[in-house]
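Have a look at the structure below before the remarks.
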Amino acid sequence: MKGKLVLIAVFLFSVFICSGLSSCERKAHAADSSAVGSSVLAIKDYSDETGAGVSTAAKGVSYSIAYPDNFTKDKRSVLVECVTEFARNMGKDDRLSIYEMGYYGITNICKSISKSELNDSITARFNTGLLGDRPPRLYDCIARLSEDMKDTVGAAIIVVSDEMKSAGSLSADEFMSSISDFGVPIYAIGMRTPISADEPTLRDMAYATGGAYYHVPMLKNLSDAFIEALKRSKR
498 MKGKLVLIAV
508 FLFSVFICSG
518 LSSCERKAHA
528 ADSSAVGSSV
538 LAIKDYSDET
548 GAGVSTAAKG
558 VSYSIAYPDN
568 FTKDKRSVLV
578 ECVTEFARNM
588 GKDDRLSIYE
598 MGYYGITNIC
608 KSISKSELND
618 SITARFNTGL
628 LGDRPPRLYD
638 CIARLSEDMK
648 DTVGAAIIVV
658 SDEMKSAGSL
668 SADEFMSSIS
678 DFGVPIYAIG
688 MRTPISADEP
698 TLRDMAYATG
708 GAYYHVPMLK
718 NLSDAFIEAL
728 KRSKR
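When we follow the numbering used here, the leftmost residue of the sequence shown carries the number 498, and every step to the right adds one.
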């Protein structure tokens, strides 16, 4: 009888020990998980304080605006007004890159914006002569823009005029298959009237990047479409 009691006592003690170890293991695992989370958070906080390893978003947002250099005088004046207003409302750490797609190099648009009253903390770099091609070719220009905007956080706004050609070194299929790697949403403003065979590609390009497409057959609507694109890109 005494032997049975000893066996029962040993069995109960074993169960108690096992359950205790299991509980300790669970607590230890939870503690480890908490520690990992805390250490990651600490590293992030430390990076933010020292400025090391801070994400691009923490430093500001990069916006790029591309337009063909064959804009008429009327279109230029509207574009200058829209881009200048946008630049004035950018964050102090935001960056704005303006690309001219075409052959002539710097035009009145860049000159006017560079002379306007912009926030001193904004770094606006004006990239001229994006491609030495006449007329500008949309696919090649955007492929180049995509390369320049790699690893940035922001948005690209593409303005396409009547004379801009979609032909380029990339076929439409090749271009659309690579546009998913663009990395930022494209807000495209098409100004062809009537809509040409190339226009759906421009629309699809914008949608494929999570952006939007605006068809503007009349110059008087350019300002509204451009401002709407700018607003959406800042969300």
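Here a beta-carbon is modelled for each residue, glycine too, at the ideal position from N, C-alpha and C. Only a predicted model underlies this, so the values are computations on that prediction, with no experimental measurement involved.
- If you draw a straight line from the Cα of L576 to the Cα of S720, it comes to about 7 angstroms.
- Judged by DSSP in its simplified three-state form, V656 adopts strand.
- Taking each of A685, P714 and V713 in turn and checking the Cα distance to R700, the smallest one comes out for A685.
- Taking each of G707, E597 and V656 in turn and checking the Cα distance to N718, the smallest one comes out for V656.
- Boundaries around I683 are those of the beta strand (DSSP E), I683 to G687, since no alpha helix (DSSP H) includes it.
- Taking C-alpha positions only, S559 is separated from A640 by approximately 17 angstroms.
- Looking at the backbone, the Cα of E582 and that of F723 are separated by about 11 angstroms.
- Where I724 is concerned, there is no enclosing beta strand (DSSP E), although the alpha helix (DSSP H) around it starts and stops at L719 to S730.
- Boundaries of the beta strand (DSSP E) harbouring I562: S559 to P565, taken from the DSSP string.
- For M673 and A703, the gap between their C-alpha atoms comes out near 10 angstroms.
- Taking 8 angstroms as the upper bound for CB-CB distance, L642 and Y711 are not in contact here, some 18 angstroms apart.
- With fewer than 16 other beta carbons inside 10 angstroms of its own, L716 counts as exposed.
- Per DSSP, the continuous alpha helix (DSSP H) segment holding K570 begins and ends at K570 to R585.
- A buried status is given to G651, since no fewer than 16 other beta-carbon atoms sit within 10 Å of its beta-carbon.
- Around P682, the same chain offers A652, T706, G707 and G708 as residues with beta carbons nearer than 6 angstroms, after the five sequence neighbours per side are excluded.
- For G651, the pairing in a beta bridge is given by DSSP as S559.
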